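Residue numbers (this note's numbering): 4 to 70.
A virtual CB, placed ideally from N, CA and C, is assigned to each residue, including glycine.
All values reported here derive from a predicted model rather than from experimental measurement.
Heads up: the structure comes next, in C-alpha coordinates.
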Amino acid sequence: MQIHQVVRPKIAQRCRMARDLGMSTAEYAVGTVAAAAFAGLLFKLVTSPEVRQLLLGIIKKALQLAG
(Lines of atoms letter the chains of each structure in order from A; the text may use other names.)
(Lines give C-alpha, C1' and ligand atoms only; values in the text may rest on other atoms or scores of the structure.)
Protein backbone atom coordinates (compact mmCIF):
# COMPACT_ATOMS: atom_id res chain seq x y z
CA MET A 4 0.00 0.00 0.00
CA GLN A 5 1.39 3.37 -1.01
CA ILE A 6 1.31 6.47 1.19
CA HIS A 7 -1.04 8.41 -1.11
CA GLN A 8 -3.64 5.63 -0.79
CA VAL A 9 -3.70 6.28 2.96
CA VAL A 10 -3.34 10.05 3.02
CA ARG A 11 -5.73 11.01 0.21
CA PRO A 12 -8.88 9.55 1.89
CA LYS A 13 -7.94 11.26 5.17
CA ILE A 14 -7.56 14.63 3.43
CA ALA A 15 -10.86 14.17 1.61
CA GLN A 16 -12.59 13.32 4.90
CA ARG A 17 -11.21 16.44 6.59
CA CYS A 18 -12.33 18.61 3.67
CA ARG A 19 -15.87 17.22 3.88
CA MET A 20 -15.95 17.85 7.63
CA ALA A 21 -14.59 21.40 7.28
CA ARG A 22 -17.43 22.40 4.94
CA ASP A 23 -19.97 22.02 7.75
CA LEU A 24 -18.10 23.97 10.43
CA GLY A 25 -19.29 27.47 11.29
CA MET A 26 -21.83 29.71 9.63
CA SER A 27 -21.77 30.92 6.08
CA THR A 28 -21.96 34.58 5.10
CA ALA A 29 -25.69 34.29 4.37
CA GLU A 30 -26.33 32.81 7.81
CA TYR A 31 -24.39 35.67 9.42
CA ALA A 32 -26.48 38.17 7.46
CA VAL A 33 -29.76 36.57 8.53
CA GLY A 34 -28.56 36.36 12.14
CA THR A 35 -27.50 40.02 12.11
CA VAL A 36 -30.82 41.17 10.68
CA ALA A 37 -32.73 39.10 13.24
CA ALA A 38 -30.64 40.49 16.11
CA ALA A 39 -31.14 44.07 14.89
CA ALA A 40 -34.89 43.53 14.56
CA PHE A 41 -35.09 42.07 18.06
CA ALA A 42 -33.05 44.98 19.46
CA GLY A 43 -35.38 47.47 17.77
CA LEU A 44 -38.45 45.73 19.12
CA LEU A 45 -36.99 45.58 22.62
CA PHE A 46 -36.04 49.28 22.48
CA LYS A 47 -39.53 50.23 21.34
CA LEU A 48 -41.07 48.14 24.12
CA VAL A 49 -38.86 49.50 26.90
CA THR A 50 -39.34 53.13 25.83
CA SER A 51 -43.13 52.87 25.68
CA PRO A 52 -44.95 54.96 28.33
CA GLU A 53 -46.62 51.93 29.92
CA VAL A 54 -43.42 50.00 30.42
CA ARG A 55 -41.56 53.13 31.53
CA GLN A 56 -44.17 53.73 34.26
CA LEU A 57 -43.98 50.10 35.33
CA LEU A 58 -40.19 50.19 35.59
CA LEU A 59 -40.24 53.50 37.50
CA GLY A 60 -42.79 52.04 39.92
CA ILE A 61 -40.59 49.01 40.54
CA ILE A 62 -37.53 51.21 41.12
CA LYS A 63 -39.39 53.56 43.50
CA LYS A 64 -40.76 50.61 45.48
CA ALA A 65 -37.29 49.06 45.73
CA LEU A 66 -35.82 52.37 46.93
CA GLN A 67 -38.54 52.75 49.57
CA LEU A 68 -37.84 49.24 50.89
CA ALA A 69 -34.11 49.95 51.03
CA GLY A 70 -34.52 53.26 52.86
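| Asked | Found |
| --- | --- |
| Collapsed DSSP secondary structure at T28 in the structure displayed | helix |
| Coil, strand or helix - T35 by DSSP | helix |
| Contact under 8 Å by Cβ, L48 with V54 | yes |
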